[in-house]
Amino acid sequence: MNKSDSERVRTVIERMGYTWTDDEETANLLGILACSVRQKAIDKVYTRIHKWNKWKQNKNLLSFVTGCVLPADKDKFLTLFDLVFTMEELPGLYDMIRQYGMVTPVGIAGKHVDPVLQDPLTQPVSDIDFSDINIVEIEKQNGNLTNGDLKPLKPRDQSAVKLGGFWTVKPRYTSQFEAFIPIQNGCDKFCTFCAVPYTRGREVSRSSEEILSEVKQLMEQGYKSITLLGQNVNSYGKDKKGDEISFPELLKKIGQLGDSKGHECWVYFTSPHPKDMSEDVIKVISRYSCLAKQIHLPIQSGDEKVLIKMNRNHTVEKYRKIVNAIHKWIPDATIFTDIIVGFTGETDSQFLNTRKAISEFKYNMAYIAMYSPRPGATSSRWKDDISHEIKKERLHILSEELKIYTRQYNENMVGKKYIVLVTGHDRKEGFLSGYTEGKIIVRFPSHDKKLIGKFVEIKIISAADFSVEGELIPIKEKERIG
Amino acid sequence: MMSNVTNNTLTSVNQIKHLTPSTYIVRIERRELEFRAGQYILLGLPGYKNKREYSIYSGEMDPFIEVLIKEIQDGVVSKQLKEIRPGTKLVMDGPFGFFTLSPEQIETGKFLFIASGTGIAPFHSFVRSFAGLDYTILHGVRYLDEGYGKDDYDPKRYILCTTKDPEGNFHGRVTEYIKNHPVDNQTLCYLCGNSNMIHEMHDILTEQGVPNKNLHAEVYF
Chain A
6 MNKSDSERVR
16 TVIERMGYTW
26 TDDEETANLL
36 GILACSVRQK
46 AIDKVYTRIH
56 KWNKWKQNKN
66 LLSFVTGCVL
76 PADKDKFLTL
86 FDLVFTMEEL
96 PGLYDMIRQY
106 GMVTPVGIAG
116 KHVDPVLQDP
126 LTQPVSDIDF
136 SDINIVEIEK
146 QNGNLTNGDL
156 KPLKPRDQSA
166 VKLGGFWTVK
176 PRYTSQFEAF
186 IPIQNGCDKF
196 CTFCAVPYTR
206 GREVSRSSEE
216 ILSEVKQLME
226 QGYKSITLLG
236 QNVNSYGKDK
246 KGDEISFPEL
256 LKKIGQLGDS
266 KGHECWVYFT
276 SPHPKDMSED
286 VIKVISRYSC
296 LAKQIHLPIQ
306 SGDEKVLIKM
316 NRNHTVEKYR
326 KIVNAIHKWI
336 PDATIFTDII
346 VGFTGETDSQ
356 FLNTRKAISE
366 FKYNMAYIAM
376 YSPRPGATSS
386 RWKDDISHEI
396 KKERLHILSE
406 ELKIYTRQYN
416 ENMVGKKYIV
426 LVTGHDRKEG
436 FLSGYTEGKI
446 IVRFPSHDKK
456 LIGKFVEIKI
466 ISAADFSVEG
476 ELIPIKEKER
486 IG
Chain B
4 MMSNVTNNTL
14 TSVNQIKHLT
24 PSTYIVRIER
34 RELEFRAGQY
44 ILLGLPGYKN
54 KREYSIYSGE
64 MDPFIEVLIK
74 EIQDGVVSKQ
84 LKEIRPGTKL
94 VMDGPFGFFT
104 LSPEQIETGK
114 FLFIASGTGI
124 APFHSFVRSF
134 AGLDYTILHG
144 VRYLDEGYGK
154 DDYDPKRYIL
164 CTTKDPEGNF
174 HGRVTEYIKN
184 HPVDNQTLCY
194 LCGNSNMIHE
204 MHDILTEQGV
214 PNKNLHAEVY
224 F
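Residue numbers (our numbering), protein chains in the order written: chain A, 6 to 487; chain B, 4 to 224.
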């Protein structure tokens, strides 16, 4: 979600006439897309802004923070950043900067700024490494920024800003072959460990017409991997109460669109909630080849009582039914999950049930996090009573358990051929890497940069815990898949 | 035409009814909120960042919304709301939650509602909303006066379990009552209240053969 947000922030700012710089120290406008899901990410925001505020003593600099910001953090951010705004307020950023007494490069040139109408698919840009805090670093082209007596923009001032729809901001895609499309924002599930309902607000679905138009455009541009994004992506449409198509219907339309294009494209979605994962969704994925056979299904815990305490609104039994349906309709699908260890009050036997879930569901990947209370989330009112050492130990145990099954799966890949989307240079010198449709990471020896962003065929020759290695099957250029 | 409120909506307090020194019912204007019995809303004072989740106590057809609140010793919102008066504006958001009954269940199901303290709220809403519901309420409290709204139920269907007062229908905890009165595995069990009660009851009912699909829980925090 953060990556998609940053692409939209970048569109708006570049439309004002600023240009991107990778050199943080030379930038005149610096911003952070915050993520409140984990405390660690928010801690990084504070570290960053203190550094920037020191720089302000010697240079003209405007700072902003947006994204997932809790009310408690927002109050503090208002004293540290020049601008604090939500993603929904993004279309009004130009006016916010102007209200702040700043002129933008485009403003100086007397041009009208319309971030909404930006053509997103022009001017490819280089890959950017997005970590859990995405920093938008902008260098002003001309004009003089005056730092002067800058004060944070107060919420009441921001309410005066005419807000456009966030969805209408077309993103500047940061890759020429992978794109992320937000289709739904917010969350009504209120999992007790999560602050998203308080930072992102209620579930709001984007119009299917807009989504399909963006997907179509991307497919026509030759994008190879498209990910539909949402905090509860598969609750898509429910907020519209019959006035919008459902998630399986949306997937079906995308499937029809993708399969009619006649070239390979993989469409993913994340993150779904098991509560809304119907068999219809799984059946649709099985029917259309462009809908990637990879499903991310967060379980969070394998213990019924922990799930109740997390207010997940699903049981292990319900989860099991979904996994069985996936195996029935899409036998080749890979399954990824999210797990939290050391949640408030998690006993040894409850942890053991999560361990059993790993062995039962044999995940291809699990993003395992040690529980950390987030201010604003319900669980932050409870004692974080599992020690860091125990959390660390449980994380280690689960990781080792996970490796048994990922390794088994990966070893079964050896000797077989897979289509791989090449995404870039591997850390291993002289190797490129990419992923299969099931998002299994594949590396292979090659110096051919032209393969990046292309589909290639790879014969797997060896397996590791979380990746495989293979060799490129040479094919004639005209037969190249994508 | 009723609609979902969902976003922060201002509403007015109609009435505050104090049931005990710490527990009270807040009645607010409905503002066309459409909800299903068992759901909850977020409620707080305008201009304050804290809002809290409260199960709706009133019925689906009532022209107002009621919530049952117990003042929390170290709480913020429950203390603020205790001091409000009729006419006070509140911010309401919702409804949320999935602790609801399906139409088929309402027609044919045999229900056991087990609550601790103010966890009775969604069950009160069920009973007010669905006439003819085949239910038994097991309500665990400490003292007799904490049997919130007990006169609203058919006395034959309401069992008050008091731990510190011998005058309830059963002197002891709800978990002890269930240990002594096993539940048949066809009963649809709905648990609402503090997590300790729910976790213990979950184990007892599972041991008694109630399948997981018949167990539903809403934890109060």
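Glycine included, C-beta positions come from ideal geometry on N, C-alpha and C.
{"query": "Contacting residues, own chain, Cβ-Cβ under 6 Å from valine 328 (chain A) (five flanking each side not counted)", "result": "Phe366"}
{"query": "For glutamate 56 (chain B): DSSP bridge partner residues", "result": "B:Leu45"}
{"query": "Which listed residue (A:Phe198, A:Met224 and A:Lys243) has its alpha carbon closest to that of asparagine 190 (chain A)", "result": "A:Lys243"}
{"query": "Assigned exposure category for glycine 150 (chain B) - 16 Cβ within 10 Å defines buried", "result": "buried"}
{"query": "Contact between the region 202 to 220 of chain A and the region 321 to 340 of chain A (3+ Cβ pairs under 8 Å)", "result": "no"}
{"query": "Neighbourhood of lysine 288 (chain A) by C-beta distance below 7 Å, restricted to the same chain and skipping five residues each side", "result": "Trp334"}
{"query": "Chain B contact for threonine 352 (chain A) (CB, 7 Å cutoff)", "result": "no"}
{"query": "Where arginine 432 (chain A) falls, given that 16 or more other Cβ within 10 Å makes a residue buried", "result": "exposed"}
{"query": "When B:Ala124, B:Asp187, B:Gly171 and B:Gly143 are compared against glycine 62 (chain B), the one with the closest alpha-carbon", "result": "B:Ala124"}
{"query": "CA-to-CA distance, proline 450 (chain A) to glutamate 476 (chain A), given in whole angstroms", "result": "7 Å"}
{"query": "Coarse secondary structure for lysine 444 (chain A), derived from DSSP in three states", "result": "coil"}
{"query": "Classification of glutamate 94 (chain A) by the beta-carbon crowding that lies within 10 angstroms, buried from 16 upward", "result": "buried"}
{"query": "Assumed close pair asparagine 369 (chain A), phenylalanine 341 (chain A) - CB separation to whole angstroms, cut-off 8 Å", "result": "6 Å"}
{"query": "When B:Lys153, B:Asn53, B:Leu48 and B:Gly212 are compared against alanine 118 (chain B), the one with the closest alpha-carbon", "result": "B:Lys153"}
{"query": "Three or more C-beta pairs below 8 Å linking the region 178 to 192 of chain B and the region 24 to 34 of chain B", "result": "no"}
{"query": "Partners in chain B for threonine 320 (chain A), counting only beta-carbon separations shorter than 9 Å", "result": "Asn215, Lys216 and Leu218"}
{"query": "Beta carbon proximity, lysine 314 (chain A) to chain B, threshold 7 Å", "result": "yes"}
{"query": "Closest residue to threonine 71 (chain A) among A:Leu98, A:Thr352 and A:Asn58 (Cα-Cα distance)", "result": "A:Leu98"}
{"query": "Contacting residues, own chain, Cβ-Cβ under 6 Å from leucine 155 (chain A) (five flanking each side not counted)", "result": "Caution applies to leucine 155 (chain A), whose pLDDT of 30 falls short of 50 and renders its modelled position unreliable; the model cannot decide the point."}
{"query": "Length of the line joining the Cα atoms of lysine 280 (chain A) and leucine 136 (chain B)", "result": "26 Å"}
{"query": "Residues near aspartate 193 (chain A) by beta carbon distance below 7 Å, same chain, minus five either side", "result": "Pro202, Arg207 and Glu208"}
{"query": "Separation of tyrosine 273 (chain A) from isoleucine 300 (chain A), as counted between CA atoms", "result": "8 Å"}
{"query": "Rounded Cβ spacing between valine 419 (chain A) and phenylalanine 460 (chain A) (contact assumed at less than 8 Å)", "result": "Between phenylalanine 460 (chain A) and valine 419 (chain A) the Cβ distance is about 21 Å, and since that is not below 8 Å, they are no contact."}
{"query": "9 Å Cβ cut-off: residues of chain B touching alanine 77 (chain A)", "result": "Lys52"}
{"query": "Closest residue to valine 381 (chain A) among A:Ile480, A:Thr441, A:Val238 and A:Thr197 (Cα-Cα distance)", "result": "Here residue 381 (chain A) is glycine; the residue named in the question, valine, does not match the sequence. Comparing Cα-Cα distances from glycine 381 (chain A) to each of A:Ile480, A:Thr441, A:Val238 and A:Thr197, the minimum goes to A:Thr197."}
{"query": "Within-7 Å CB hit, aspartate 281 (chain A) to chain B", "result": "no"}
{"query": "The region 14 to 23 of chain B contacting the region 49 to 59 of chain B, beta-carbon criterion three pairs below 8 Å", "result": "no"}
{"query": "Buried or exposed by the 16-neighbour rule on C-beta atoms within 10 Å, applied to lysine 421 (chain A)", "result": "exposed"}
{"query": "Beta-carbon proximity check, phenylalanine 185 (chain A) vs asparagine 316 (chain A), cutoff 7 Å", "result": "no"}
{"query": "Closest residue to serine 68 (chain A) among A:Tyr51, A:Pro76, A:Leu75 and A:Ala77 (Cα-Cα distance)", "result": "A:Tyr51"}
{"query": "Any C-beta of chain B under 7 Å from that of lysine 310 (chain A)", "result": "yes"}
{"query": "Nonlocal neighbours in the same chain, by C-beta distance under 6 Å from serine 291 (chain A), ignoring five residues either side", "result": "Trp334 and Ile335"}
{"query": "Member of B:Val70, B:Gly47 and B:Lys92 whose CA lies at the smallest distance from the CA of valine 80 (chain B)", "result": "B:Gly47"}
{"query": "C-beta atoms of asparagine 38 (chain B) and proline 98 (chain B) nearer than 7 Å", "result": "Checking the displayed sequence, the identity of residue 38 (chain B) turns out to be phenylalanine instead of asparagine. Taking 7 Å as the Cβ cut-off, phenylalanine 38 (chain B) and proline 98 (chain B) qualify as a contacting pair."}
{"query": "Residue-level contact to chain B via CB, aspartate 431 (chain A), 7 Å cutoff", "result": "no"}
{"query": "Residue burial classification, methionine 64 (chain B) (beta-carbon count within 10 angstroms, cutoff 16)", "result": "exposed"}
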